[in-house]
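Notes to accompany the following structure.
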Amino acid sequence: MTAVPDTEASAVTASNARRVALIVAIAFFMQLLDSTIISTSLPQMGQSFGVPAVAMSIGITAYMLTMAVFVPLSGWLADRFGARNIFLLAIVLFTLASLACGFSQSLPQFVAARVVQGLGSALMTPVGRILVLRNASKSELLNATALITWPALFAPVVGPVLGGFITTYLSWHWNFRYYGANSPNTRFT
Numbered sequence: 001m002t003a004v005p006d007t008e009a010s011a012v013t014a015s016n017a018r019r020v021a022l023i024v025a026i027a028f029f030m031q032l033l034d035s036t037i038i039s040t041s042l043p044q045m046g047q048s049f050g051v052p053a054v055a056m057s058i059g060i061t062a063y064m065l066t067m068a069v070f071v072p073l074s075g076w077l078a079d080r081f082g083a084r085n086i087f088l089l090a091i092v093l094f095t096l097a098s099l100a101c102g103f104s105q106s107l108p109q110f111v112a113a114r115v116v117q118g119l120g121s122a123l124m125t126p127v128g129r130i131l132v133l134r135n136a137s138k139s140e141l142l143n144a145t146a147l148i149t150w151p152a153l154f155a156p157v158v159g160p161v162l163g164g165f166i167t168t169y170l171s172w173h174w175n176f177r178y179y180g181a182n183s184p185n186t187r188f189t
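Residue numbers (this note's numbering): 1 to 189.
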């Protein structure tokens, strides 16, 4: 058998590190976009559910509280069941819960879906960072970290604008349904 030259092996490793960082960056973008995209849709959502717009804030609160509760468990789960498995589970939970939000017919259904979505989100961020750290060499770590950081800067800015556009020209439902239709992460992981 012939050994793979070091330069070829390091190119494969660098390519894998970039691929993992890109997948994690897309997942982070989805998660951070979701945190802000619904803010401009709350009045229409409240009208659709027959509740005051201010009552819709419980959906945001449920999402954030669930994230706060489950983020500390994410590292333990990644060590116990494997970071890749937990990251894939997080993406699947997040995507399915997003679809459930988009098809919700009442405020309680929406809040339940947001809790599950918050669970997926809570597992996604720390475990995604673990995957990047485990797949990038010291020389690649700066570039990989930079790649996964840009969603944190861009998604919160574009979220309200995109949410308003989607709500105006389609409906608030599509702020959530598009995750199921456009979830490339479930195909890559």
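Each residue gets a CB set at the ideal place from its N, CA and C atoms; glycine is no exception.
At the level of alpha carbons, what is the spacing between residue i and residue j?
{"i": "Arg134", "j": "Val20", "result": "10 Å"}
{"i": "Ile60", "j": "Leu32", "result": "13 Å"}
{"i": "Gly82", "j": "Val127", "result": "9 Å"}
{"i": "Arg177", "j": "Asn143", "result": "32 Å"}
{"i": "Thr168", "j": "Met45", "result": "12 Å"}
{"i": "Leu153", "j": "Leu147", "result": "11 Å"}
{"i": "Phe165", "j": "Ala97", "result": "22 Å"}
{"i": "Ser106", "j": "Pro151", "result": "31 Å"}
{"i": "Pro52", "j": "Ile37", "result": "19 Å"}
{"i": "Ser193", "j": "Pro43", "result": "The structure shown has nothing for residue 193, since the chain only spans 1 to 189."}
{"i": "Phe87", "j": "Val54", "result": "33 Å"}
Per DSSP, what kind of secondary structure is residue i in: helix, strand or coil?
{"i": "Val69", "result": "helix"}
{"i": "Thr40", "result": "coil"}
{"i": "Val51", "result": "coil"}
{"i": "Trp174", "result": "helix"}
{"i": "Ser121", "result": "helix"}
{"i": "Ser15", "result": "helix"}
Counting C-beta neighbours from all protein chains within 10 Å, is the total for residue i 16 or more, i.e. buried, or is it exposed?
{"i": "Gln117", "result": "buried"}
{"i": "Asn175", "result": "buried"}
{"i": "Leu170", "result": "exposed"}
{"i": "Arg129", "result": "buried"}
{"i": "Asp193", "result": "In this structure the chain extends from 1 to 189, so residue 193 is not present and cannot be described."}
{"i": "Leu65", "result": "exposed"}
Quick test of your reading: residue i and residue j, contact by CB under 8 Å. State the CB separation rounded to the nearest angstrom.
{"i": "Gly159", "j": "Ser41", "result": "Contact flag wrong, Cβ pair sits at about 11 Å."}
{"i": "Leu131", "j": "Phe70", "result": "Actually they are not in contact, since the Cβ atoms of Leu131 and Phe70 sit about 18 Å apart, beyond 8 Å."}
{"i": "Glu140", "j": "Ala17", "result": "5 Å"}
Measuring only from the beta carbon, is residue i closer than 7 Å to any heavy atom that is part of the ligand ZN?
{"i": "Arg177", "result": "No copy of the ligand ZN occurs in the structure displayed, which carries no ligand at all."}
Please specify which runs of the alpha helix (DSSP H), each continuous and at least 4 residues long, are wholly inside the segment 75-104, giving them in chain order. Counting only unbroken stretches of 4 or more residues, the alpha helix (DSSP H) elements lying wholly within the segment 75-104 are 83-102, in sequence order.
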